[in-house]
Amino acid sequence: MKIHPIICLVLIAALLTIPAWASCGTWIIRGNTEYHYDAEYENAVKSSTGHAAALKSGSTSKEEANDQADVNASQMDAASNETAKAPKEDPLPTETVINEQEIKEPVVDLKGDWKVILNTVIDGQNTQEALDLILIQTNDRLQGYGNVLKKGTDIPVTATGHIASNDSISLNVKQVEQDRDYRLELAIIEERMEGSYKIYQDGSLAGSGNITASKSGI
Numbered sequence: 035m036k037i038h039p040i041i042c043l044v045l046i047a048a049l050l051t052i053p054a055w056a057s058c059g060t061w062i063i064r065g066n067t068e069y070h071y072d073a074e075y076e077n078a079v080k081s082s083t084g085h086a087a088a089l090k091s092g093s094t095s096k097e098e099a100n101d102q103a104d105v106n107a108s109q110m111d112a113a114s115n116e117t118a119k120a121p122k123e124d125p126l127p128t129e130t131v132i133n134e135q136e137i138k139e140p141v142v143d144l145k146g147d148w149k150v151i152l153n154t155v156i157d158g159q160n161t162q163e164a165l166d167l168i169l170i171q172t173n174d175r176l177q178g179y180g181n182v183l184k185k186g187t188d189i190p191v192t193a194t195g196h197i198a199s200n201d202s203i204s205l206n207v208k209q210v211e212q213d214r215d216y217r218l219e220l221a222i223i224e225e226r227m228e229g230s231y232k233i234y235q236d237g238s239l240a241g242s243g244n245i246t247a248s249k250s251g252i
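For the sequence shown, the working numbering gives the first residue as 35, with consecutive numbering after it.
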């Protein structure tokens with residue numbers, strides 16, 4: 035038996051084993067798998083993925099949450115400012131509801147045919163004119179038409195007016211063919227009316243006088 039080949043095999047095995055023992059790690063047998071344990075490598079892994087990484091991740095999440103809270107607060111402040119700057123709308127006016135029962139017809143009834151006597155004073159002279167008038171009444175509104183007898187001539191007239199109260203009326207009688215108005219203020223006394231009036235010719239006061247009126251047939 036030759037010794038030299040055996041010595042060569044031993045030396046080769048020793049040379050192969052020395053680098054493994056010289057490294058900083060240790061070979062660990064786990065079942066059928068060989069695992070090389072390196073302490074420095076394991077510590078580096080724990081540093082990057084262990085408690086430090088968790089702290090870093092938690093810190094990042096906290097910073098993101100704080101940033102999101104700041105953004106939400108800024109948005110709320112901006113919305114509050116826009117609401118404060120928005121013009122205030124005036125409340126809608128409350129419509130006054132008028133009950134139809136509250137609109138009552140006046141007690142006095144003035145519709146019908148009237149005989150009106152005008153006692154006029156013009157330029158210091160007393161004159162008398164007769165006015166035949168037919169009045170139409172709608173609630174407190176008056177309309178009418180007729181003729182005024184002047185120097186033997188019938189002149190057509192129209193009338194408009196209103197009942198101021200149950201004892202007084204205002205009436206405007208206008209000649210159709212001339213710019214002449216009779217503005218009457220009358221007080222109601224039972225079945226007749228008394229008062230005063232003014233005559234306007236072309237918009238200017240031309241005379242005034244007293245008036246009496248009674249319904250035809252009374």
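Quick reminder that beta carbons are idealized off the backbone N, C-alpha and C, glycines included. Nothing here was measured: the structure is a model prediction, and the numbers come from that model.
Which residues bound the beta strand (DSSP E) around Glu224? Within the sequence shown, residue 224 is the residue found at index 190, counting from 1. Run containing Glu224: none; DSSP gives neither H nor E here.
Under the rule that 16 or more other beta-carbon atoms within 10 Å means buried, what is Val210, buried or exposed? For the purposes of this step, residue 210 is identified with residue 176 of the sequence shown, where counting begins at 1. Burial call: exposed.
Using CA coordinates, which residue listed in Ala240, Ala164, Ile245 and Gly237 is at the minimum distance from Gly229? Mapped onto the sequence shown, residue 229 falls at position 195. When each option's Cα is compared against that of Gly229, the closest is Ile245.
Nearest to Asp18 (by Cα), restricted to the options Asp157, Glu163, Gly158 and Leu169: This structure cannot speak to residue 18, because the chain is shown only from 35 to 252.
Check Leu205 in the structure and name its three-state DSSP category. As a position in the sequence shown, residue 205 is number 171, starting the count at 1. Here Leu205 sits in strand by DSSP.
Which whole runs of the alpha helix (DSSP H) in the segment 143-207 are 4 residues long or more, in chain order? none
Where do the N-terminal and C-terminal ends of the beta strand (DSSP E) with Ser250 fall, by residue? Your numbering for residue 250 matches position 216 in the sequence shown. Segment: none, Ser250 is in no beta strand (DSSP E) and carries neither H nor E.
What whole-angstrom Cβ distance do Leu167 and Ile203 have, given they're in contact under 8 Å? As a position in the sequence shown, residue 167 is number 133, starting the count at 1. As a position in the sequence shown, residue 203 is number 169, starting the count at 1. Their Cβ separation, rounded to whole angstroms, is 12 Å, which puts Leu167 and Ile203 out of contact at 8 Å.
Going by Cα to Cα distance, which pick from Glu225, Lys208 and Ile40 is closest to Gly180? For this step, residue 180 is matched to residue 146 along the sequence shown. Ranking Glu225, Lys208 and Ile40 by Cα distance to Gly180 puts Lys208 first.
Does the Cβ-Cβ distance between Tyr231 and Arg214 come in under 8 Å? Reading the sequence shown from its first residue, position 197 is the one you call residue 231. Reading the sequence shown from its first residue, position 180 is the one you call residue 214. Cβ atoms of Tyr231 and Arg214: not closer than 8 Å.
Give the DSSP bridge partners of Asp215, in chain order. Taking the sequence shown and counting its residues from 1, one reaches residue 215 at position 181. Note: Asp215 sits in a beta bridge opposite Lys208 and Tyr234.
Would you decide whether Met110 is buried or exposed? Buried here means 16 or more other CB atoms lie within 10 Å of its CB. Locating residue 110 in the sequence shown gives position 76, counting from the first residue. The residue in question, Met110, is exposed, as its Cβ has fewer than 16 Cβ neighbours within 10 Å.
Please name the residue in Ile197, Asn200, Gln212 and His196 whose C-alpha comes closest to that of Asp188. Residue 188 sits at position 154 when you count from the first residue of the sequence shown. Of the listed residues, the one whose Cα sits closest to Asp188 is Gln212.
Can you find the residues in the same chain that come closer than 6 Å, C-beta to C-beta, to Leu220, ignoring five residues on each side of it along the sequence? By one-based count along the sequence shown, residue 220 stands at place 186. Same-chain partners within the cutoff: Ile203, Met227 and Gly229.
Can you confirm whether Ile168, when its beta carbon is compared against all beta carbons of chain D, has any partner nearer than 8 Å? The structure shown contains no chain D, having only a single protein chain.
Exposed or buried, what is Ile197 when buried is set at 16 or more other beta-carbons lying within 10 Å of its beta-carbon? Reading the sequence shown from its first residue, position 163 is the one you call residue 197. Buried, because 16 or more other Cβ atoms sit within 10 Å of the Cβ of Ile197.
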